[in-house]
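Beneath this line is the structure, given in structure tokens, with notes to follow.
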Amino acid sequence: MVDDPDVHNGVNDARHFESCPACQARFKSVAEDAQSITSLMAAPELKVDVASAFNRVQAAPAARPKFGFRLPVLRPGSRPMMLAFAAAVATVALLATALASGDNIFTPSTVTPVPVSLADMQALSQLSAYGDVSWTTQPNLQIVTSAAEAQTISGLKPPTVNNLPSTVSTTVTYAAMPKAEAVFTFSKDKAAAAAAQAGKTLPALPAGMDGAKLTVTVGPAVAEIFGNMKPPAAGSDVTQLSLPQLVVAESSAPVASSTQVTMMQLEDYLLAQPGISAELKAAIKAIGDPSTTLPIPVPVEFATSSKVTVQSKYDGVALGDNTGVGAGVIWINHSVVYGVVGSVKLSDAIKIANDLT
Amino acid sequence: MNLGMRQVASVRTDDESFEALFTAEYARVAGIANRVLADPHEAEDVAQEVFIDFHRLHSASAQYAPAWLHRAAAHAALNRLRGARRRQKRELAQGADEGAQTLDPQKQVEVNEDRRRVRQALARMAPKPASVLVLRASGLSYAEVAQALGVGIGQVGTLLRRAETALRKEVTRGTSL
Chain V
96 MVDDPDVHNG VNDARHFESC PACQARFKSV AEDAQSITSL MAAPELKVDV ASAFNRVQAA
156 PAARPKFGFR LPVLRPGSRP MMLAFAAAVA TVALLATALA SGDNIFTPST VTPVPVSLAD
216 MQALSQLSAY GDVSWTTQPN LQIVTSAAEA QTISGLKPPT VNNLPSTVST TVTYAAMPKA
276 EAVFTFSKDK AAAAAAQAGK TLPALPAGMD GAKLTVTVGP AVAEIFGNMK PPAAGSDVTQ
336 LSLPQLVVAE SSAPVASSTQ VTMMQLEDYL LAQPGISAEL KAAIKAIGDP STTLPIPVPV
396 EFATSSKVTV QSKYDGVALG DNTGVGAGVI WINHSVVYGV VGSVKLSDAI KIANDLT
Chain X
46 MNLGMRQVAS VRTDDESFEA LFTAEYARVA GIANRVLADP HEAEDVAQEV FIDFHRLHSA
106 SAQYAPAWLH RAAAHAALNR LRGARRRQKR ELAQGADEGA QTLDPQKQVE VNEDRRRVRQ
166 ALARMAPKPA SVLVLRASGL SYAEVAQALG VGIGQVGTLL RRAETALRKE VTRGTSL
């Protein structure tokens with residue numbers, strides 16, 4: 096018998112209850128226990144002024160939705176990996192920017208892996224101090240629970256996974272973002288100040304680079320996050336949070352354009368930064384057509400990569416292995432970048448990618 | 046252009062949804078925190094922090110919004126309860142505040158002492174049983190408790206019974222220390 100007082104247990108249960116002294120005694124004892132606990136947990140009276148409270152919350156600076164979102168994967172053990180991942184994402188944006196041509200717009204149609212070390216990431220991430228970033232359209236990533244909502248926000252239909260491995264939960268959360276656009280303006284003075292602070296000597300800035308503007312458009316994007324993720328409760332212990340098991344993402348390929356400097360000047364300048372490894376330089380130089388290839392940075396300390404063909408026709412980059420610890424596949428189909436990443440075997444990730452519709 | 050307009054529309058809807066969510070849930074969220082802390086002022090602080098956190102990270106129209114808020118209120122308040130320094134401060138404030146209102150000083154002392162022992166016991170309990178007690182005592186239905194804690198509704202009764210036993214044990218332990 097269910098002891099939930101709000102539940103009507105039906106005629107049969109009610110009849111049984113009336114004629115069963117054991118059930119009556121149990122129910123009475125449960126009710127008395129509950130009552131005694133409720134009185135034990137009595138609290139002083141609370142009178143709330145909802146309107147004033149709402150005004151206070153609205154006035155708090157953090158009450159406005161911020162750029163980005165806190166991924167619920169901040170287990171202390173995975174922090175180095177997450178930092179590497181964040182740095183890798185930043186590197187993609189920077190490399191995409193770097194490859195923007197003065198005359199041509201960077202519109203990648205294929206992907207290729209480039210090995211990136213932590214030192215490379217550190218060197219490249221400092222580049223953001225060499226100028227000013229302003230958003231002409233602020234990124235506005237939202238977490239929603241239905242595919243329809245995600246589509247309304249992003250304008251993209253979330254891809255359908257047709258062969259989810261049995262080890263992955265069928266519970267899905269969606270992340271969606273409309274198109275966002277940022278303009279980065281190089282500043283000779285800022286670059287010099289940042290270098291001085293880091294105790295470095297910078298390579299000479301190409302002529303005309305001071306004041307050069309790089310416009311980068313990212314998104315719209317939509318992602319399906321599979322896993323029984325319990326949303327992070329305020330003040331909760333981060334170790335109690337669950338990791339997403341699989342993320343399937345779809346984003347319009349980033350588009351970048353620049354003024355005043357040419358692609359070759361930018362590329363040379365970025366690769367001349369102190370700390371950039373010879374491997375990364377060689378990999379970037381080896382890219383055949385830089386205006387149409389999106390470099391996928393592979394953190395060499397953490398992951399291995401290989402080239403794969405997705406859906407029998409698209410060149411893709413595969414990351415990870417078949418241990419099930421982590422794997423991913425990234426490819427571009429008609430100017431849309433797709434990614435399948437998660438704690439699955441690489442063979443499963445490739446199967447999902449091949450059957451994605 | 047269409048995208049831009051859609052974005053604006055989406056933001057506006059989310060702000061409106063947040064206000065509606067706040068109006069609907071604030072009293073209950075503050076009530077949950079008050080049930081834990083036995084301090085209305087601190088409870089409102091917790092409730093507002095919980096809403097700020099929620100608004101920063103989630104869409105107000107998300108179906109899980111009320112459940113998230115209830116659980117977050119319980120967890121955040123229990124975390125505060127475990128902060129020793131704040132607890133002492135609160136007890137002093139609580140004693141002074143309530144002492145001034147009572148007509149029977151002896152009875153008020155007993156009430157305060159009971160509340161103090163129960164809150165100490167709650168602070169010593171594991172988060173899940175403590176939360177189930179707090180949420181139920183705050184008037185949430187079995188279904189709401191189940192949603193907030195991410196458990197099946199059929200488990201709530203059993204969890205409650207176990208949590209009640211654990212609380213009694215902790216209160217007794219606190220008394221005998």
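Here the protein sequences come in this chain order: V and X. Going by the working numbering, the letters in the first sequence line up with residues 96 to 452, in that order. Going by the working numbering, the letters in the second sequence line up with residues 46 to 222, in that order. Ideal placement from N, C-alpha and C gives every residue a C-beta, glycine not left out.
Closest by C-alpha distance to residue 104(X), out of 446(V), 250(V), 278(V) and 238(V), is 238(V).
Excluding residues up to 5 positions away in sequence, 270, 342 and 344 lie with their Cβ nearer than 6 Å to the Cβ of residue 318(V) in the same chain. For residue 430(V), no alpha helix (DSSP H) encloses it, and the DSSP letter there is neither H nor E. Residue 93(X): member of the alpha helix (DSSP H) spanning 85-102, first to last residue.
At a cut-off of 8 Å between C-beta atoms, residue 270(V) does not count as an interface residue with respect to chain X.
Shown here, residue 140(V) sits in coil according to DSSP, grouped into three states, outside any helix or strand. The secondary-structure analysis by DSSP pairs residue 269(V) across a beta bridge with 239(V) and 319(V).
DSSP links residue 409(V) through a beta bridge to 405(V).
Counting along the chain, no beta strand (DSSP E) covers residue 133(V); the unbroken alpha helix (DSSP H) around it starts and ends at 116-135. Across the region 141-152 of chain V, CB contacts with chain X closer than 7 Å involve 141, 143, 145, 148, 149, 151 and 152, in sequence order along the chain. Apart from the 5 residues on each side of it in sequence, residue 452(V) sits with its Cβ closer than 8 Å to the Cβ of 254, 255 and 257 in its chain, given in chain order. Secondary structure note for residue 173(X): it is in no beta strand (DSSP E), and the uninterrupted alpha helix (DSSP H) holding it is 172-182.
When secondary structure is reduced to three states using DSSP, residue 263(V) falls in the coil class, being assigned neither helix nor strand. Not one beta carbon of chain X lies nearer than 8 Å to the beta carbon of residue 349(V). In terms of Cβ geometry, residue 364(V) and residue 298(V) form a close pair [threshold 8 Å]. Burial state of residue 440(V) is buried, judged by a 10 Å Cβ sphere holding 16 or more other Cβ atoms. With a threshold of 8 Å between beta carbons, residue 245(V) makes no contact with chain X. For residue 346(V), there is no enclosing alpha helix (DSSP H); the enclosing beta strand (DSSP E) covers residues 341-347.
Under a 10 Å Cβ-count criterion, residue 80(X) is classified as buried, with 16 or more other Cβ atoms of the shown protein chains found around its own Cβ. For residue 78(X), same chain residues with a beta-carbon under 6 Å away, outside a window of 5 residues either side, are 88, 91, 92, 118 and 122 in chain order. Interface residue (Cβ-Cβ distance to chain V less than 8 Å): residue 61(X) is not classified as such.
Only those residues of the region 226-245 of chain V whose C-beta falls short of 8 Å from the nearest C-beta of chain X are listed: 232, 235, 237, 238, 239, 240 and 244. DSSP places residue 312(V) in the strand class (E or B) of the three-state scheme. DSSP places residue 438(V) in no alpha helix (DSSP H); its state is neither H nor E. For residue 83(X) against residue 138(V), the beta-carbon gap comes to about 5 Å, under 8 Å, which counts as contact.
Residue 428(V) holds the alpha-carbon nearest to the alpha-carbon of residue 389(V) among 366(V), 428(V) and 421(V). With distances taken between CA atoms, residue 216(X) lies nearest to 169(X) out of 182(X), 184(X), 169(X) and 207(X).
At least one C-beta of chain X is nearer than 8 Å to the C-beta of residue 133(V).
Note on geometry: alpha-carbon atoms of residue 411(V) and residue 360(V) lie some 28 Å from one another. Between residue 139(V) and chain X, the shortest Cβ-Cβ separation is below 8 Å. Judged by beta-carbon spacing, residue 189(X) lies within the 8 Å limit of residue 115(X), meaning their Cβ atoms are closer than that value.
Cβ-Cβ distances below 8 Å link residue 179(X) to 77, 80, 81, 119, 122, 123 and 167 in the same chain, with the five nearest sequence neighbours on each side left out; the list follows chain order. Against chain V, a Cβ distance below 7 Å from residue 76(X) picks out 141. With respect to chain X, the C-beta atom of residue 108(V) has no partner C-beta closer than 8 Å. Nearest to residue 181(X) by alpha-carbon distance, out of 68(X), 206(X), 64(X) and 152(X), is 206(X). DSSP places residue 414(V) in the strand class (E or B) of the three-state scheme.
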